[in-house]
Amino acid sequence: MNHLPINKLLLFLLLLSIFSACKKEDVSPAETIIEWKGIVSVADTFFVQENEKLVIAPGTEVFFEPEATIIAEGDIYIVGTPDSIIRLTVENPMGNHRILDVKGGAQNFTLGYAALTNGLITSYQTNNHFYQVTFTNNQALEWDDAVARFWYGQLLIEDCTVNWNNQGEGFLLHRVQGPIVRNCTFLKVPDAVEYIDCNNGEISGCRFEGMNDDAIDQNHCSKTLIKDNEFYQVNDRALELGSEGFGPSDSLFIINNLFVNCKVAINVKEGSSAIIENATFYNNKTSLDVLNEANDGSLSQATISKSIFVGGDLHLATSPNTSSTISQCMSDQILLDGVENIKAPVEFLDVQQFDFTVISSEFPAGMNADSIGYKKPR
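Residue numbers for the sequence shown follow the numbering used here, so the first one is 1 and each next one is one higher.
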């Protein structure tokens with residue numbers, strides 16, 4: 001048997017590896033960068049292909065004519081700086097207010113230090129990160145027109161502001177696992193944050209004010225952490241924890257939240273369950289409402305502790321299919337059942353300045369000013 005000399009064999013293997021590498025590059029061409037800067041006008045549908053990436057430079061102003069939109073199957077990178085934000089503005093919007101539709105082959109959608117005016121976003125199965133973005137709307141919208149709507153993928157939204165006009169909805173998520181919305185402000189945004197079929201999520205450090213519908217919705221969700229939020233003048237339910245036809249929500253953790261002048265602070269319904277700790281309820285029409293009208297054998301459950309009620313009703317058992325446990329709580333109006341709950345004067349440091357630091361002198365057994373009620377995060 002003839003054998004190749006060792007040097008020829010090594011040369012053959014080297015050439016083979018080079019050929020294989022070249023073939024691989026041919027199959028997966030390099031990503032093409034599309035860069036926008038200065039003043040850009042979008043007059044029609046602009047496509048970003050799967051092997052392309054749209055990069056919008058700091059300080060750029062993008063104007064969308066009516067019905068114009070970006071449809072992206074490649075990555076989107078819209079990131080300004082604190083001193084040079086990016087502005088995306090819809091001029092005279094008509095029926096379709098959507099300016100960004102990220103989907104298909106797109107892997108990443110990053111939006112930071114930007115201002116969006118009268119434009120809506122959708123994203124499908126993408127890794128999304130929004131930060132330091134202001135969303136503004138002054139147009140009429142349909143009830144289900146969302147500020148941003150997401151299906152699947154991953155999501156982190158932080159340090160954003162949505163300044164709306166009680167039209168449409170806010171951030172609407174479908175089957176996004178482990179989503180996080182934190183340190184955001186929502187002004188007049190109906191259904192400001194809604195999770196549907198989402199597990200292990202978080203909504204924390206946010207302020208909700210003046211919406212004509214719910215602030216936070218949880219529909220068929222599990223193990224969401226809702227922590228360190230403040231709710232003011234929500235004209236429906238600050239927290240709607242239920243189903244809405246998708247199935248009940250369970251193991252929701254409602255920790256350290258403040259509810260002021262809301263129609264209903266917390267609503268647990270349709271076989272859902274929630275653990276509530278360190279809440280302060282102040283002058284809400286209804287502080288806590290546990291109900292179940294499904295009549296399907298399910299049980300709506302709420303466990304609440306270390307909380308303060310000033311004004312407002314408690315609806316803890318409005319149907320046979322409900323269960324509620326309340327302990328180590330205090331109220332200025334009603335004597336809560338249980339030896340660890342008390343009726344006593346409740347004093348706060350400065351309600352007029354929305355400082356709900358507790359300065360009372362009487363507390364339930366085992367409680368003190370540091371362990372009961374809402375504490376503003378430092």
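Every residue gets a Cβ at the ideal spot worked out from N, C-alpha and C, and that includes glycine.
Q | Distance between Pro66 and Lys23 (C-alpha atoms, nearest Å) | A | Taking the first residue of the sequence shown as position 1, residue 23 is located at position 23. Taking the first residue of the sequence shown as position 1, residue 66 is located at position 66. With a pLDDT of 36 at Lys23, under the threshold of 50, the predicted position of this residue should be treated as unreliable, and no value is reported.
Q) According to DSSP, what are the bridge partners of Lys306? A) As a working mapping, residue 306 is identified with position 306 in the sequence shown. DSSP, once it has assigned bridges, lists no residue as partnering Lys306.
Q. Alpha carbon to alpha carbon, what distance is there between Gly80 and Tyr113?
A. Working through the sequence shown from its first residue, we reach residue 113 at position 113. Working through the sequence shown from its first residue, we reach residue 80 at position 80. Tyr113 and Gly80: Cα-Cα distance of roughly 5 Å.
Q: Could you check what DSSP says for Gln352 in three-state terms: helix, strand or coil?
A: For the purposes of this step, residue 352 is taken as residue 352 along the sequence shown, with counting starting at 1. Note: Gln352 maps to helix in three-state DSSP.
**Q.** Straight-line Cα distance separating Glu91 from Ile39
**A.** Taking the first residue of the sequence shown as position 1, residue 39 is located at position 39. Taking the first residue of the sequence shown as position 1, residue 91 is located at position 91. Distance between the alpha carbons of Ile39 and Glu91 is about 14 Å.
Q. For the candidate residues Gln49, Asn96, Arg87, Asn137, whose alpha-carbon lies nearest to that of Val102?
A. Reading the sequence shown from its first residue, position 102 is the one you call residue 102. Of the listed residues, the one whose Cα sits closest to Val102 is Gln49.
Q) Can you check whether the CB of Ile276 is closer than 9 Å to the CB of Ser307? A) Taking the sequence shown and counting its residues from 1, one reaches residue 307 at position 307. Taking the sequence shown and counting its residues from 1, one reaches residue 276 at position 276. Cβ atoms of Ser307 and Ile276: closer than 9 Å.
Q) What is the C-beta distance between Glu209 and Leu187, in whole angstroms, given that I count them as a contact (C-beta under 8 Å)? A) As a first step, residue 209 must be located in the sequence shown, where it is residue number 209. As a first step, residue 187 must be located in the sequence shown, where it is residue number 187. So it is a contact: roughly 6 Å between Cβ atoms.
(Q) Could you compute how far the alpha carbon of Val162 sits from the alpha carbon of Val189? (A) Position 162 of the sequence shown, counted from the start, is the residue given in the question as residue 162. Position 189 of the sequence shown, counted from the start, is the residue given in the question as residue 189. Using only the alpha carbons, I get a separation of about 7 Å.
Q: Kindly say whether Met330, judged by its beta-carbon, lies nearer than 9 Å to any beta-carbon of chain D.
A: Protein chains in the displayed structure number just one, and chain D is not present.
Q.
Using 9 Å as the threshold, is the C-beta distance between Ser243 and Ser272 below it?
A. Mapped onto the sequence shown, residue 243 falls at position 243. Mapped onto the sequence shown, residue 272 falls at position 272. In contact: Ser243 and Ser272 (Cβ atoms closer than 9 Å).
Q.
In whole angstroms, give me the CA-to-CA distance for Val264 and Phe281.
A. Looking up residue 264 in the sequence shown gives position 264. Looking up residue 281 in the sequence shown gives position 281. Approximately 10 Å, taken between the alpha carbons.
Q) Does DSSP classify Met330 as helix, strand or coil? A) The residue labelled residue 330 in the question sits at position 330 within the sequence shown. Correct three-state label for Met330: strand.
Q. Going by C-alpha distance, which of Tyr124, Lys223, Arg237 is nearest Lys285?
A. Within the sequence shown, the letter at position 285 stands for residue 285. If we check each option's Cα against that of Lys285, Arg237 comes out closest.
Q: Let me know if Trp164 comes out buried or exposed under the rule of 16 or more other beta-carbons within 10 Å of its beta-carbon.
A: Against the sequence shown, residue 164 aligns to sequence position 164. The residue is buried, with at least 16 neighbouring Cβ atoms inside 10 Å.
**Q.** Whole-angstrom C-beta distance between Leu335 and Leu314, which should lie under 8 Å
**A.** The residue labelled residue 314 in the question sits at position 314 within the sequence shown. The residue labelled residue 335 in the question sits at position 335 within the sequence shown. Going by Cβ atoms, the distance from Leu314 to Leu335 rounds to 11 Å, so no, they are not a contact pair.
Q.
Tell me which residues share the same chain as Leu100 and place their Cβ nearer than 6 Å to its Cβ, disregarding the 5 neighbours each side in the sequence.
A. Working through the sequence shown from its first residue, we reach residue 100 at position 100. Excluding sequence neighbours, Leu100 sits near Ile70, Ile121.
Q.
Considering only the alpha carbon of each residue, which of Asp213, Gln177, His220, Thr185 lies closest to Glu202?
A. If you number the sequence shown from 1, residue 202 lands on position 202. Comparing Cα positions, the closest option is Gln177.
Q: Express the C-alpha separation of Ser251 and Asp370 in angstroms, rounding to a whole number.
A: Numbered from its first residue, the sequence shown carries residue 370 at position 370. Numbered from its first residue, the sequence shown carries residue 251 at position 251. The alpha-carbon atoms of Asp370 and Ser251 are separated by roughly 26 Å.
Q: Could you check if Asp144 is buried or exposed, using at least 16 other CB atoms within 10 Å of its CB as the buried criterion?
A: Mapped onto the sequence shown, residue 144 falls at position 144. Classification for Asp144: exposed.
(Q) Along the chain, where does the beta strand (DSSP E) containing Asp313 start, and where does it finish? (A) The residue labelled residue 313 in the question sits at position 313 within the sequence shown. Element bounds for Asp313: 313-315.
**Q.** Under 9 Å between C-beta atoms of Ile196 and Leu225
**A.** Here residue 196 corresponds to residue number 196 of the sequence shown, with the count starting at 1. Here residue 225 corresponds to residue number 225 of the sequence shown, with the count starting at 1. No; because the gap between Cβ atoms is not below 9 Å, this pair is not in contact.
Q) Are the Cβ atoms of Glu169 and Val147 separated by less than 9 Å? A) Position 169 of the sequence shown, counted from the first residue, corresponds to residue 169. Position 147 of the sequence shown, counted from the first residue, corresponds to residue 147. Yes, the pair counts as a contact, with Cβ atoms nearer than the cut-off.
(Q) Judging by CA-CA distance, which residue of Asn256, Ser324, Gly297 is the nearest neighbour of Asn267? (A) What you label residue 267 is simply residue 267 of the sequence shown in a count that begins at 1. Nearest C-alpha to Asn267: Ser324.
**Q.** Residue closest to Glu73, alpha-carbon to alpha-carbon, out of Ser249, Glu142, Gly104
**A.** Within the sequence shown, the letter at position 73 stands for residue 73. The shortest C-alpha separation from Glu73 is found at Gly104.
Q: Could you say which of Phe109, Gln218, Tyr374 lies nearest to Phe259 if we only look at CA atoms?
A: By 1-based counting over the sequence shown, the position of residue 259 is 259. Nearest of Phe109, Gln218, Tyr374 to Phe259, Cα basis: Tyr374.
Q) Just checking my contact of Leu385 with Val55 at CB under 8 Å: how many whole Å lie between their CB atoms? A) Here the chain has residues from 1 to 378 only, and residue 385 is not among them.
Q) DSSP state of Ala274, grouped into three classes? A) Numbered from its first residue, the sequence shown carries residue 274 at position 274. Residue state, collapsed to three classes: strand.
Q | 7 Å CB neighbourhood of Thr60 in its chain, flanking five on each side removed | A | Translated into the one-based positions of the sequence shown, residue 60 becomes position 60. Counting only Cβ-Cβ distances below 7 Å, and skipping sequence neighbours, we find Trp36, Lys37, Gly38, Val40, Ile86.
Q: Could you tell me if Ala279 is buried or exposed, where buried requires 16 or more neighbouring beta carbons within 10 angstroms of its beta carbon?
A: Numbered from 1 along the sequence shown, position 279 holds the residue referred to as residue 279. Answer is buried; the Cβ neighbour count reaches 16.
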